[in-house]
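Residue numbers (our numbering), protein chains in the order written: chain R, 14 to 195; chain A, 2 to 208.
Note that beta-carbon positions come from the ideal geometry of N, C-alpha and C, so glycine has one too.
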Amino acid sequence: MASADVKAQDPRIAGISSAIRVIPDFPKPGIMFQDITTLLLDTKAFRDTIDLFVERYKDKNISVVAGIEARGFIFGPPIALAIGAKFVPMRKPKKLPGEVISEEYSLEYGKDVMEMHVGAVQAGERALIVDDLVATGGTLSAAIRLLERVGVHVVECACVIELPELKGRERLGEKPLFVLVS
Amino acid sequence: MFAAENGLRGDPRLQGISKAIRVVPDFPIPGIMFQDITTLLLDHKAFKDTVDIFVDRYRDMGISVVAGIEARGFVFGPSIALAIGAKFVPLRKPNKLPGEVISEAYVLEYGTDRLEMHVGAIEPGERALVIDDLVATGGTLSAAVRLLERMGAEVVECACVVGLPEVRVRLVVASSLLHLCKMALGLKLLLLLDKSSQFHITGTTQT
């Protein structure tokens, strides 16, 4: 595959990347866990993270930012507030109190379910999906399906971190994915 | 304890915020009138006003840490932290935080749960704010305060959008439940909205 044009990396990315802590063998042996909690302790790097997303999305007419429980709740709302969009939490089962629609998705072993409130979004709205990290893309795919089922156009998925070896980008297919750190 | 008592009486933004919160009856169990803040998050102006009211109050208090309680505290805390130049520390259910943690047990109606915080997230002497969407008995907030104090932080205040005393209490008088709530914390608590008059009473009332 031909390589993309080399673009100068935004100077803020280095600080964001170095603020993320890697924890070996969590949640189980062999996994190098990308811990964003240390990014949240670095006020400049956290601010820069949000700014990079806001700069990208503020003129794209996005009316919905959907954040995936729980770490998507940390990044999604500041973006939503800055770009004038509503924030919609995508949650594990039985957390949302009102009427929901659900979408099942696969885990490495077994399945899980993601839920969204009925009526949170309207057909024709333009949405951004936010999570801290994309690995296999299973969770993001479930979120895309939930929103598309009710007629929302998912403009892009945005994550702080991508683990490219897990091929999440492929799983998302045509749906664009934007990440800060790969 | 409530915004009105803290000099925010008549703030025109509070009405819009209150109206944007949806009450869902009988969730998670019969008898509970659940204060659903997800509808507040759909109202951009009301959501922004909520954050702005907290930011206006806390920006000059020398607060360097905003601790948010999983998961709805994560929705409000980071925006406040970013605006006041503080770090954000997530307080989580067990086994979610990947690094070394300290944990604190708290009492539920039936049984107990635990709240965890990363070791090293805060330094002794830091001034902290605790955020959650709603306070009922104050059990979770109390656990959060204990965690922060164990690491040497000074908890300046706990802030919630809604105050709603626990409804599944056997005996109830509105004012005494609020008092119970205050006592559970033993420190300053700011609530934007008092929903104590909206809870559904089960059991006997006592004057």
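Asked	Found
Give the secondary structure of R:Y70 by DSSP, where H, G and I count as helix, E and B as strand, and everything else as coil.	helix
Taking 7 Å as the threshold (beta carbon to beta carbon), is A:S154 in contact with chain R?	Before going further, note that residue 154 of chain A is Ala rather than Ser in the sequence given. It does not: the Cβ of A:A154 has no partner Cβ on chain R nearer than 7 Å.
Out of curiosity, what's the CA-to-CA distance linking A:L130 and A:S143?	13 Å
Whole-angstrom Cβ separation of R:G181 and R:G137, contact assumed at under 8 Å?	That belief does not hold up - the Cβ atoms of R:G181 and R:G137 are roughly 27 Å apart, past 8 Å.
Taking the C-alpha atoms as reference points, what is the distance between A:G17 and R:V192?	35 Å
Does the stretch 47–64 of chain R come into contact with the stretch 80–89 of chain A, if we say contact requires no fewer than three beta-carbon pairs (one atom in each stretch) closer than 8 Å?	yes
To the nearest angstrom, how far is it from the Cα of A:V66 to the Cα of A:V157?	10 Å
Is it right to say A:V168 is buried, meaning 16 or more other beta carbons lie within 10 angstroms of its own, or is it exposed?	Because the pLDDT of A:V168 is 40, which lies under 50, any placement of that residue in the model is unreliable, and the number read from its coordinates should be weighed accordingly. Buried, since its Cβ has 16 or more Cβ neighbours within 10 Å.
With a threshold of 7 Å between beta-carbons, can A:T39 be considered close to chain R, or not?	yes
Between the alpha carbons of R:V78 and A:T51, how many angstroms are there, rounded?	18 Å
Between the stretch 28–54 of chain R and chain A, which residues of the former have a C-beta closer than 8 Å to a C-beta of the latter?	R34, I36, F39, P40, F46, D48, T50, L53, L54
Compile a chain-ordered list of the residues in the stretch 118–138 of chain R whose CB is closer than 7 Å to at least one CB of chain A.	H130, A133
Does the Cβ of R:R84 have 16 or more other Cβ atoms within 10 Å, making it buried, or fewer, making it exposed?	buried
Within a Cβ cutoff of 8 Å, which residues of the same chain sit near A:P79, ignoring the five residues on either side of it in sequence?	V67, G69, F89
Could you give the DSSP three-state label for A:Y107: helix, strand or coil?	strand
Which residues, in chain order, does the stretch 44–64 of chain A contribute to contact with chain B at a C-beta distance below 9 Å?	Checking the listed chains, one finds no chain B in this structure; the protein chains it contains are R and A.
Does the stretch 86–99 of chain R come close enough to the stretch 109–117 of chain R to have 3 or more Cβ pairs within less than 8 Å?	no
Can you tell me whether DSSP reads R:D64 as helix, strand or coil?	helix
For a contact defined as C-beta to C-beta under 8 Å, what are the partners of A:E71 on chain R?	A83
Any Cβ of chain A within less than 7 Å of the Cβ of R:T62?	no
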